[in-house]
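Q:
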Amino acid sequence: MRTRNIILACIMLCSGVCAVLPGYAQQQKSKDQIVFDKIYNAYNRIPGGLNKDELVQKVNEVEREVKLCMDSLSGKEARQKAELLCYNGVLWSMGRLAIETKDEALKNEIAQRVKGLDLDSPSLELLADVERTNLLNGYFQLFMPDLSALNRATYVLYNIKSEEVRNPYVLSTLVTELKQRGYTDEVNALMEDIELCSKTEATRRQAIELKERYYPARAGAMAPDFEMEDENGKMVKLSDFRGKAVFIDVWATWCGGCVAGLPAFIALKEQYKDQKDVVFLTISDDGIEAKARWKNFLKEKKYSGIVPHLIINKEKDQFTENYCITGIPRYILIDKRGKIVNAWHVGANHEFFPFFFSMELEGMNRE
Numbered sequence: 198m199r200t201r202n203i204i205l206a207c208i209m210l211c212s213g214v215c216a217v218l219p220g221y222a223q224q225q226k227s228k229d230q231i232v233f234d235k236i237y238n239a240y241n242r243i244p245g246g247l248n249k250d251e252l253v254q255k256v257n258e259v260e261r262e263v264k265l266c267m268d269s270l271s272g273k274e275a276r277q278k279a280e281l282l283c284y285n286g287v288l289w290s291m292g293r294l295a296i297e298t299k300d301e302a303l304k305n306e307i308a309q310r311v312k313g314l315d316l317d318s319p320s321l322e323l324l325a326d327v328e329r330t331n332l333l334n335g336y337f338q339l340f341m342p343d344l345s346a347l348n349r350a351t352y353v354l355y356n357i358k359s360e361e362v363r364n365p366y367v368l369s370t371l372v373t374e375l376k377q378r379g380y381t382d383e384v385n386a387l388m389e390d391i392e393l394c395s396k397t398e399a400t401r402r403q404a405i406e407l408k409e410r411y412y413p414a415r416a417g418a419m420a421p422d423f424e425m426e427d428e429n430g431k432m433v434k435l436s437d438f439r440g441k442a443v444f445i446d447v448w449a450t451w452c453g454g455c456v457a458g459l460p461a462f463i464a465l466k467e468q469y470k471d472q473k474d475v476v477f478l479t480i481s482d483d484g485i486e487a488k489a490r491w492k493n494f495l496k497e498k499k500y501s502g503i504v505p506h507l508i509i510n511k512e513k514d515q516f517t518e519n520y521c522i523t524g525i526p527r528y529i530l531i532d533k534r535g536k537i538v539n540a541w542h543v544g545a546n547h548e549f550f551p552f553f554f555s556m557e558l559e560g561m562n563r564e
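So the mapping is simple: our numbering equals the position in the sequence shown, first residue as 1, plus 197.
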């Protein structure tokens with residue numbers, strides 16, 4: 198009797214909130230959404246730092262809570278979506294601890310709780326793109342931890358039939374990878390898989406457009422020339438440094454991460470002072486209209502004159518597009534022949550920078 202009253206209370210709560218909306222269909226849809234939100238919030242409220250027993254107990258409480266309200270859903274599809282949201286909640290709330298502790302028993306328990314999850318089920322189409330991405334990544338990180346992001350996308354292409362499910366996931370993965378690492382051999386392999394597997398012309402076309410944008414900035418391509426004003430008002434071209442390796446820091450005074458990385462970059466001038474054929478230069482994304490602020494910053498920090506400092510003129514800017522600058526800081530290494538070594542290089546403050554940079558310089562000297 199008590200359980201029935203709780204169910205009725207949940208139904209009345211949802212119905213009461215929706216009563217102000219016109220039309221039964223709209224009312225019912227909103228009631229379902231309230232339950233979906235309740236499921237998401239219930240799992241999201243599970244605190245971190247719990248031990249295994251505490252976590253299992255908390256998840257059990259949440260499951261009892263959300264299953265009561267799931268009885269008020271409007272139909273089969275709504276219940277299917279709610280179940281998927283529960284699977285996602287379990288994967289993320291319990292999966293983190295299983296991964297951190299490498300607890301196989303906990304991993305097996307999670308597998309039992311999500312045993313009804315079929316990644317190839319058409320029911321995944323009921324989820325929004327971001328919900329599907331969270332669900333798939335939660336599953337992959339627990340049960341297929343060795344797959345890279347690109348390999349996950351390949352798995353989705355070959356193992357999930359629904360175009361509505363796989364296309365947004367694969368394209369989102371592709372865009373993220375391109376923004377973070379540029380056009381690599383691994384990206385090219387995924388491009389080929391998209392062409393082979395995708396039946397959606399719009400998806401294939403978008404992949405081609407992404408390739409056309411990022412491919413020219415790949416390793417081994419000729420670095421597009423550019424011309425910018427330096428802090429003394431002199432126009433400087435990339436081609437002025439032909440015959441020398443050029444390492445570039447793209448930054449801005451308003452970018453906290455950029456400013457934090459500048460001291461390590463500026464220090465490279467002294468660290469590699471014996472390397473006469475290496476040029477370190479910065480390119481500011483502040484824009485020529487903020488030139489005074491940029492120059493004052495360089496003077497206040499005593500960076501002026503140590504390395505060449507250039508600033509982008511956004512009215513004439515081709516650099517941002519040619520080098521696919523979608524976020525800063527960005528670090529770009531160009532060899533002595535004017536070819537791109539890596540347009541998504543690690544920064545000077547990265548722990549492995551000395552190793553990577555020394556190996557790259559040695560490679561240039563052998564050529």
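Each residue gets a CB set at the ideal place from its N, CA and C atoms; glycine is no exception.
Computed from a prediction, not measured in an experiment: that's the story for all the values here.
Give me, in chain order, the residues of the same chain whose beta-carbon lies closer than 7 Å to that of residue 488; leave out the 5 immediate sequence neighbours on both sides.
A: Excluding sequence neighbours, residue 488 sits near 508.
Q: Nearest by alpha-carbon distance to residue 404: which of 421, 386, 416 is it?
A: For residue 404, the nearest C-alpha among the options comes from 386.
Q: In the DSSP assignment, what residue or residues form a beta bridge with residue 446?
A: Answer is 479, 528, bridged to residue 446.
Q: Let me know the secondary structure DSSP gives residue 485 once reduced to three states.
A: If DSSP states are grouped into helix, strand and coil, residue 485 belongs with the helices.
Q: By Cβ distance below 8 Å, which residues in the same chain neighbour residue 490 in space, the five residues on each side in sequence not counted?
A: Cβ neighbours of residue 490 beyond the five flanking positions: 450, 483.
Q: CB-CB under 6 Å to residue 476, same chain, minus the five flanking residues each way: which ones, in chain order?
A: For residue 476, where only same-chain residues beyond five positions count, the Cβ hits under 6 Å are 438, 441, 443.
Q: Nearest CA to the CA of residue 426: which residue from 261, 479, 401?
A: Ranking 261, 479, 401 by Cα distance to residue 426 puts 479 first.
Q: Taking a contact to mean a Cβ-Cβ separation below 8 Å, would you say residue 350 touches residue 520 in this structure?
A: It is not a contact, given that the beta carbons lie outside the stated cut-off.
Q: Can you tell me whether DSSP reads residue 424 as helix, strand or coil?
A: Three-state result, residue 424: strand.
Q: Who does residue 547 pair with in a DSSP beta bridge?
A: According to DSSP, which records beta bridges pairwise, residue 547 is partnered with nothing at all.
Q: What residue range is occupied by the uninterrupted alpha helix (DSSP H) comprising residue 291?
A: Note, residue 291: alpha helix (DSSP H), 273-298.
Q: Where are the alpha helix (DSSP H) runs, 4 residues long or more, that stay fully inside the segment 367-436, in chain order?
A: The segment 367-436 contains these whole alpha helix (DSSP H) runs: 382-394, 398-411.
Q: I'd like to confirm the pairing. Which residues does DSSP put opposite residue 507 in its beta bridges?
A: According to DSSP, which records beta bridges pairwise, residue 507 is partnered with 427, 480.
Q: If you run the structure through DSSP and keep just helix, strand and coil, what is residue 536?
A: Looking at residue 536 - three-state DSSP - the assignment turns out to be strand.
Q: Does the contact criterion of 3 or more C-beta pairs under 8 Å hold for the segment 530-541 versus the segment 498-517?
A: No: the two stretches stay apart, fewer than three of their Cβ pairs being nearer than 8 Å.
Q: Quick one: give me the first and last residue of the alpha helix (DSSP H) that residue 330 is part of.
A: Where residue 330 is concerned, the enclosing alpha helix (DSSP H) stretches over 326-340.
Q: Which word fits residue 526, buried or exposed, when buried means at least 16 other C-beta atoms lie within 10 angstroms of its C-beta?
A: Residue 526 comes out buried.
Q: Looking only at C-alpha atoms, which of 348, 411, 296 sits nearest to residue 377?
A: The option with the nearest alpha carbon to residue 377 is 411.
Q: So, residue 256 versus residue 243, is the Cβ gap smaller than 8 Å?
A: In this structure, residue 243 lies closer than 8 Å to residue 256 by Cβ.
Q: Could you give the distance in angstroms between the alpha-carbon of residue 417 and the alpha-carbon of residue 550?
A: The straight-line gap from Cα to Cα measures roughly 20 Å.
Q: What would DSSP say about residue 229, mapped onto helix, strand or coil?
A: Note: residue 229 maps to helix in three-state DSSP.
Q: Between the C-alpha atoms of residue 252 and residue 464, what's the straight-line distance to the nearest angstrom?
A: Cα-Cα distance, rounded: 48 Å.
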